[in-house]
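Visitor: Chains as they are written, first to last, in my numbering: chain F, 1 to 448; chain C, 1 to 121.
Have a look at the structure that comes next, please.
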Amino acid sequence: MLARAVAHVGGLVDAVNTGTVPSWLTVATGGALVGASFLFTSLLTDHEGIRAVNGLRAVVPTTDGLRRAVVAGTRALGVLGLVLVLVGAAFGSPEPRRNVAILVVWVGWWAGFTMSTYLVGNAWPLVNPWRTLAERLPGGGDVDLPSEWGAWPAVVGLLALVAVEVVSPLASVPRALGVVVVAYSAVTLLAAWAVGPDAWFERADPVASVFGVYGRAAPVQRDADGLGLRLPGSALADVNATDDRPGAVAFVVALLWSTTFDGLVTTPAWNDALTVVVEAVPVVPTDVTAVVGYVLALVVGFALFRALYRLAAVRCRSRVDTYLAPAAIERWFAPALVPIAAGYHVAHFSGYFLSLSPALRAAVLAPLSDPGVPQLAVLPPWFGTLQLAFVVLGHLLAVWVAHALALEVFPGLLRPIRSQYPFVVVMVAYTMTSAWVVGQPFDAPGYL
Amino acid sequence: MSRNASSTTDADAAPEPTVSDDAPGSIQAPGSDLATCGDDDAAATCRYCGRPFATPDAHDLHVGDVHADACTTAEREAYERALEAEEDELFYFHLRVVAALAGLYTVVVLAYMIALGSGIL
């Protein structure tokens with residue numbers, strides 16, 4: 001039977017189901033808002049003005065001494081965090097909401113730290129304990145990571161991590177989490193030692209790549225002159241920052257799909273469909289069929305998202321009568337997908353982070369003593385609506401970034417606007433899908 | 001990560017890259033090094049960055065906007081003519097946008113009025 005669990009995205013569910021507004025209308029309103037925002041941006045045709053707004057930048061003053069102290073402190077904190085997780089997983093409370101490893105990894109890191117990478121700035125290159133450790137390993141760097149592989153190792157790694165996260169009890173069994181952290185550490189340290197830390201963490205490590213992509217939407221950006229403060233998302237519209245590596249588009253699409261997939265497997269519709277499939281295959285044990293079902297859905301969904309984005313690029317190409325190759329168009333507009341992924345992530349995880357943060361605080365202050373009944377913060381009822389707004393806000397920022405990028409690459413004013421039609425159709429469909437997913441009642445993924 | 005902004009055409013006609021790769025909001029020939037395909041029937045090709053265009057006005061708009069510092073007076077005039085022609089078209093396009101916005105607004109407000117007021121939906 002399906003295991004039922006308490007809704008950790010409960011606030012979101014209330015937003016869609018309370019009052020007399022039917023849920024289909026809430027979902028349709030999300031789509032209408034994105035469509036309307038595209039119509040509004042098409043009225044903005046002052047190319048120079050848009051460039052100026054996206055180019056606004058204030059230098060964050062730093063001194064060498066301060067920088068060195070922050071770098072050393074952050075690195076130490078990262079390694080300390082890894083040690084805390086390993087110790088907590090091995091010796092901490094078996095109850096997940098009292099276990100320091102579970103709370104640090106899921107609440108502190110995957111919810112909280114990830115939000116900081118797109119809301120503030122990407123500090124992962126400093127925090128990353130594996131990078132800090134790998135840089136201190138002697139020798140190594142003999143193996144060449146072929147540059148024609150591009151971002152594909154990171155794509156495969158990301159999908160593999162998401163598959164492991166969904167099909168194994170990583171968020172509820174501390175020992176299982178410990179095993180996965182040890183396995184990831186071993187693979188990462190060995191690979192980083194073999195190909196060199198810079199090559200590994202900048203090109204192949206899925207975790208560092210996720211934060212690198214999210215970090216491009218952040219207001220704090222690191223460039224040649226040090227730290228700069230930009231308008232949120234405006235760095236995505238920089239024309240000279242397109243990622244040209246093979247698989248770079250696939251990685252952004254994989255990130256977008258994996259955040260969606262995370263929410264999709266907790267919907268009743270998914271569990272109903274899975275039940276039908278599992279019961280239709282009588283010979284194989286149900287949990288084996290289920291795991292195959294999850295992995296297959298993950299891969300097929302990714303392929304579908306990738307194909308849909310390619311289709312939009314091909315349509316865009318014929319609409320504006322350009323000779324740019326579809327692959328070039330895809331790469332050019334890929335940065336506009338980042339705010340969508342970030343908006344969905346913040347909608348999905350902000351409530352979870354805030355409600356469990358007292359438990360996280362208690363666990364970090366006393367890692368190995370059992371804190372008793374875990375403390376949970378109660379979110380105000382309007383918080384659910386706020387979360388729904390984040391999904392839409394991410395899309396609005398995406399429309400703006402895509403508009404700015406289109407003006408840079410297609411001549412004149414009408415062609416850039418028309419080039420966005422296929423992308424806007426895809427975005428409206430995606431907003432409505434994700435608004436539907438976050439509005440569904442939480443239903444623990446079945447058969448696991 | 002950073003895209004090399006240098007162009008692939010003959011060095012005599014191409015303008016010198018003046019903006020460094022790392023400057024935010026750089027306007028150095030964006031898209032000039034993007035891959036193209038199916039351009040055998042191109043109506044015009046940019047002589048600064050080699051990018052092919054399907055129509056002469058797309059070419060004129062590109063040259064005047066992206067290579068504003070390098071282009072000749074004739075190219076500048078062609079750009080201004082193309083821009084003027086597009087402005088008329090843009091006005092009628094914006095009329096349709098405003099109509100679409102008004103229509104969308106009406107539909108959404110009506111949907112909420114019916115959903116909240118009558119219980120039909």
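For every residue, glycine included, the Cβ atom is placed at its ideal position computed from N, Cα and C.
Predicted model, so just to flag it, every value in this text is computed and none were measured.
Pull out every residue of the region 34-54 of chain C whose Cβ sits closer than 8 Å to any Cβ of chain F, in chain order.
Guide: Per Cβ criterion, the list reads L34, A35, T36, C37, G38, D39, A42, R51, P52, F53, A54.
Visitor: Over the uninterrupted alpha helix (DSSP H) stretch that includes L111(C), give me the two end residues.
Guide: Start at 1 with the first residue of the second sequence, and residue 111(C) comes out as number 111. Correcting the residue identity first, residue 111(C) is Ala in this sequence and not Leu. Here the alpha helix (DSSP H) through A111(C) covers 73-117.
Visitor: Run the CB neighbour count on R98(F), radius 10 Å, all protein chains shown included, and call it buried at 16 or more, exposed below.
Guide: In the first sequence, residue 98(F) corresponds to position 98, counting from 1. Buried, because 16 or more other Cβ atoms sit within 10 Å of the Cβ of R98(F).
Visitor: Comparing C-alpha positions only, which one of A406(F), G301(F), R245(F), A250(F) sits nearest to L264(F)?
Guide: As a working mapping, residue 264(F) is identified with position 264 in the first sequence. Considering only alpha carbons, the answer is G301(F).
Visitor: Answer yes or no: do G247(F) and L274(F) have a C-beta to C-beta separation smaller than 8 Å?
Guide: If you number the first sequence from 1, residue 247(F) lands on position 247. If you number the first sequence from 1, residue 274(F) lands on position 274. The answer is no: Cβ separation not under 8 Å.
Visitor: My understanding is that S185(F) touches W130(F), with C-beta atoms under 8 Å, so please give their C-beta distance in whole angstroms.
Guide: Position 185 of the first sequence, counting from 1, holds the residue named residue 185(F). Position 130 of the first sequence, counting from 1, holds the residue named residue 130(F). Indeed they touch by this definition, with Cβ atoms about 6 Å apart.
Visitor: Would the region 194-203 of chain F and the region 141-155 of chain F be scored as touching if the rule is three or more Cβ pairs under 8 Å?
Guide: With the cut-off at 8 Å, the region 194-203 of chain F and the region 141-155 of chain F touch.
Visitor: Can you say whether W382(F) is buried or exposed, counting buried as having 16 or more other CB atoms within 10 angstroms of its CB?
Guide: Translated into the one-based positions of the first sequence, residue 382(F) becomes position 382. Burial check for W382(F): the Cβ neighbour count within 10 Å stays below 16, so the residue is exposed.
Visitor: Which stretch, first to last residue, makes up the alpha helix (DSSP H) that contains L227(F)?
Guide: Position 227 of the first sequence, counted from the first residue, corresponds to residue 227(F). Unbroken run through L227(F) is the beta strand (DSSP E), 226-230; no alpha helix (DSSP H).
Visitor: Taking only three categories from DSSP, how would you classify R47(C)?
Guide: Reading the second sequence from its first residue, position 47 is the one you call residue 47(C). R47(C) sits in coil when the DSSP states are folded into three classes, being neither helix nor strand.
Visitor: Cβ of A78(C) less than 8 Å from any chain F Cβ?
Guide: Counting from one through the second sequence, the residue named residue 78(C) turns up at place 78. No, A78(C) lies away from the interface with chain F (no Cβ there is under 8 Å from its Cβ).
Visitor: Taking Cβ positions, are F53(C) and H62(C) nearer each other than 8 Å?
Guide: Counting from 1 along the second sequence, the entry for residue 53(C) is found at position 53. Counting from 1 along the second sequence, the entry for residue 62(C) is found at position 62. Yes, the Cβ-Cβ distance between F53(C) and H62(C) is below 8 Å.
Visitor: Using DSSP's beta-bridge definition, name the partner residues of D223(F).
Guide: The residue given as residue 223(F) occupies position 223 in the first sequence. According to DSSP, which records beta bridges pairwise, D223(F) is partnered with G226(F).
Visitor: Assuming T431(F) and V399(F) make a contact with CB atoms under 8 Å, what is their CB distance in whole Å?
Guide: Position 431 of the first sequence holds residue 431(F). Position 399 of the first sequence holds residue 399(F). In fact, because the Cβ distance is near 10 Å, the residues do not count as touching under 8 Å.
Visitor: Does E89(C) come within less than 8 Å of chain F when only Cβ atoms are used?
Guide: Position 89 of the second sequence holds residue 89(C). Interface residue, yes.
Visitor: If distances are taken between C-alpha atoms only, which option among Q221(F), V164(F), L236(F), V107(F) comes closest to A336(F)?
Guide: Locating residue 336(F) in the first sequence gives position 336, where the first residue counts as 1. Comparing Cα-Cα distances from A336(F) to each of Q221(F), V164(F), L236(F), V107(F), the minimum goes to L236(F).
Visitor: Between which two residues does the alpha helix (DSSP H) holding V63(C) run?
Guide: One-based indexing of the second sequence puts residue 63(C) at position 63. Per DSSP, V63(C) belongs to the alpha helix (DSSP H) from 56-66.
Visitor: Give me the Cβ distance between Q221(F) and G212(F), rounded to the nearest whole Å; I'm assuming they're in contact under 8 Å.
Guide: As a first step, residue 221(F) must be located in the first sequence, where it is residue number 221. As a first step, residue 212(F) must be located in the first sequence, where it is residue number 212. Actually they are not in contact, since the Cβ atoms of Q221(F) and G212(F) sit about 12 Å apart, beyond 8 Å.
Visitor: Is D65(C) close to chain F, meaning its C-beta is less than 8 Å from at least one C-beta of that chain?
Guide: Position 65 of the second sequence holds residue 65(C). By this cut-off, D65(C) is an interface position.
Visitor: I'd like the list of long-range same chain contacts for V364(F), defined as Cβ closer than 8 Å, with 5 residues on each side in sequence excluded.
Guide: The residue given as residue 364(F) occupies position 364 in the first sequence. Closer than 8 Å at Cβ, skipping near neighbours: L84, V100, L103, V104, G108.
Visitor: Tell me the rounded alpha-carbon separation between V181(F) and P61(F).
Guide: One-based indexing of the first sequence puts residue 181(F) at position 181. One-based indexing of the first sequence puts residue 61(F) at position 61. Going by the C-alpha atoms only, they are around 37 Å apart.
Visitor: Taking 8 Å as the CB-CB cut-off, is A74(C) touching chain F?
Guide: By one-based count along the second sequence, residue 74(C) stands at place 74. Chain F, which has no Cβ nearer than 8 Å to the Cβ of A74(C), makes this no.
Visitor: For Y323(F), return the contacting residues in chain C, with the cut-off set at a CB-CB distance below 9 Å.
Guide: As a first step, residue 323(F) is located in the first sequence; it is residue number 323 there, counting from the start. Result: T36, C37, G38, D39, A42, R51, P52, F53, A54.
Visitor: Using C-beta distances below 7 Å, list every residue in its chain close to Q375(F), excluding the 5 sequence neighbours before and after it, in chain order.
Guide: For the purposes of this step, residue 375(F) is taken as the residue at position 375 of the first sequence. Around Q375(F): P358, A359, A362.
Visitor: Which of helix, strand or coil does DSSP assign to R57(F)?
Guide: What you label residue 57(F) is simply residue 57 of the first sequence in a count that begins at 1. Reduced to three states, the DSSP call for R57(F) is strand.
Visitor: My parser needs the alpha helix (DSSP H) runs of 4 or more residues fully inside the region 352-432 of chain F; what are they?
Guide: 383-409, 414-419
Visitor: Is the beta carbon of A151(F) less than 8 Å from the beta carbon of R203(F)?
Guide: Your numbering for residue 151(F) matches position 151 in the first sequence. Your numbering for residue 203(F) matches position 203 in the first sequence. Closer than 8 Å, so yes.
Visitor: Find the nearest neighbour of S116(F) within the set V409(F), G343(F), P411(F), P416(F), judged by alpha-carbon distance.
Guide: Translated into the one-based positions of the first sequence, residue 116(F) becomes position 116. Answer by Cα proximity: G343(F).
Visitor: DSSP state of T62(F), grouped into three classes?
Guide: Along the first sequence, one-based indexing puts residue 62(F) at 62. Correct three-state label for T62(F): coil.
Visitor: Spatial neighbours of H8(F) within its chain, please: C-beta separation below 6 Å, excluding the five flanking residues on both sides.
Guide: Along the first sequence, read from residue 1 onward, the residue named residue 8(F) stands at position 8. Note that H8(F) has pLDDT 38, beneath the 50 cutoff, so the model's placement of it is unreliable and no number is given.
Visitor: Is any beta-carbon of chain F found at less than 8 Å from that of E86(C)?
Guide: Here the question's residue 86(C) lines up with position 86 in the second sequence. At least one chain F Cβ lies under 8 Å of E86(C).
Visitor: List the residues of chain F whose Cβ lies closer than 8 Å to the Cβ of A115(C), in chain order.
Guide: What you label residue 115(C) is simply residue 115 of the second sequence in a count that begins at 1. Ordered by position in chain F, the residues that pass the 8 Å Cβ test against A115(C) are T20, V21, P22, L25.
Visitor: Taking buried to mean at least 16 other C-beta atoms within 10 Å of its own C-beta, is D60(C) buried or exposed?
Guide: Your numbering for residue 60(C) matches position 60 in the second sequence. Label assigned to D60(C): buried.
Visitor: Would you list the residues sitting across from L324(F) in a DSSP beta bridge?
Guide: As a position in the first sequence, residue 324(F) is number 324, starting the count at 1. Looking at the DSSP assignment, L324(F) forms a beta bridge with T36(C).
Visitor: Tell me the rounded alpha-carbon separation between A102(C) and F38(F).
Guide: By 1-based counting over the second sequence, the position of residue 102(C) is 102. By 1-based counting over the first sequence, the position of residue 38(F) is 38. Rounded to whole angstroms, A102(C) to F38(F) spans 14 Å at the Cα level.
Visitor: Under 8 Å, Cβ to Cβ, is there at least one residue of chain D near R415(F)?
Guide: The displayed structure is made up of protein chains F and C, and chain D is not among them.
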